[in-house]
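Numbered per this note's numbering, the sequence shown spans residues 1 to 212. Let me begin by presenting the structure, written as structure tokens, before commenting on it.
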Amino acid sequence: MNNKKHRDSLKLIKENSTFIVQTEPNHAQAESGYASSNNSMITLAPQTKNINFSDQVTSAETLWTMNAARQGYSYLSCDESGDLFRRMFPDSQIAHELKMERTKLSYVVSHDLEPFFHRNLVEDIKQCERFVLCFDEQKNHQNNKQLDIFLKHWSMKNQGVVARYYKSVLHGHAPAHIIRDSIVNSFRTDGIDIKRLLMIGRDNPNVNKTVE
Numbered sequence: 001m002n003n004k005k006h007r008d009s010l011k012l013i014k015e016n017s018t019f020i021v022q023t024e025p026n027h028a029q030a031e032s033g034y035a036s037s038n039n040s041m042i043t044l045a046p047q048t049k050n051i052n053f054s055d056q057v058t059s060a061e062t063l064w065t066m067n068a069a070r071q072g073y074s075y076l077s078c079d080e081s082g083d084l085f086r087r088m089f090p091d092s093q094i095a096h097e098l099k100m101e102r103t104k105l106s107y108v109v110s111h112d113l114e115p116f117f118h119r120n121l122v123e124d125i126k127q128c129e130r131f132v133l134c135f136d137e138q139k140n141h142q143n144n145k146q147l148d149i150f151l152k153h154w155s156m157k158n159q160g161v162v163a164r165y166y167k168s169v170l171h172g173h174a175p176a177h178i179i180r181d182s183i184v185n186s187f188r189t190d191g192i193d194i195k196r197l198l199m200i201g202r203d204n205p206n207v208n209k210t211v212e
């Protein structure tokens, strides 16, 4: 019972493997043209590979970050979320390792989630025939000029028209040609064909005329 096959079978059982019952035809009947399912063979098949503990913690932190962003929670309000989860689930090792203070939450949003969703948007834009550009320039909470860019297009993935946030560009005094260059350079960086631009959403007509 110490052979390799036996050890592998024990390993599969410990990994929460499933049993698969396969039937084999009776050889004598198979030769005569008849198949019988009386003889059964039980084999072990591994399930989807389990992720390690570190990845499970990362997955939990990512899910909480997405929920915080979706619900509009402030970064400050999430400072004590790790302590709360540890009190709620004292027997959970994942909750014990969960760390989601404001700085980490901000980092996950800007450096992990944002590139993922931005890449999905760019891929979706490249599949559509035409898209509409909408932009708005205003001062943010730090009193800096911020150019927010949105795109509206027919989404092949969603099978409908969607309006999605594309990106924000920070600059000081921004005449129309700087806004134009920021948009064109962003499209060029992401490989978006500007010839597919159908129209520009108008907020300030004078600025838009110069951009056009």
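We put the beta carbon where it would ideally sit given N, CA and C, even for glycine. Fair warning: this is a prediction, and the values are worked out from it, not measured in the lab.
Gly201 in three-state terms, based on DSSP: strand
Continuous beta strand (DSSP E) assignments of at least 3 residues falling wholly in the region 133-164: 145-155
Helix, strand or coil at Lys104 according to DSSP, with G and I counted as helix: Annotated three-state conformation of Lys104 is helix, per DSSP.
Reference Arg70; option with closest CA among Asp181, Val109, His171 and Asp124: In terms of CA proximity to Arg70, Val109 leads the group Asp181, Val109, His171 and Asp124.
Those residues which DSSP pairs with Phe131 across a bridge: His153 and Leu197
Residue nearest to Lys152 in terms of C-alpha spacing, selected from Gly160, Lys145 and Arg164: Arg164
Ser92 (DSSP reduced to helix, strand or coil): Secondary structure of Ser92 (DSSP, three-state): coil.
Sufficient close CB pairs (3 or more, under 8 Å) joining the region 127-145 to the region 65-82: no
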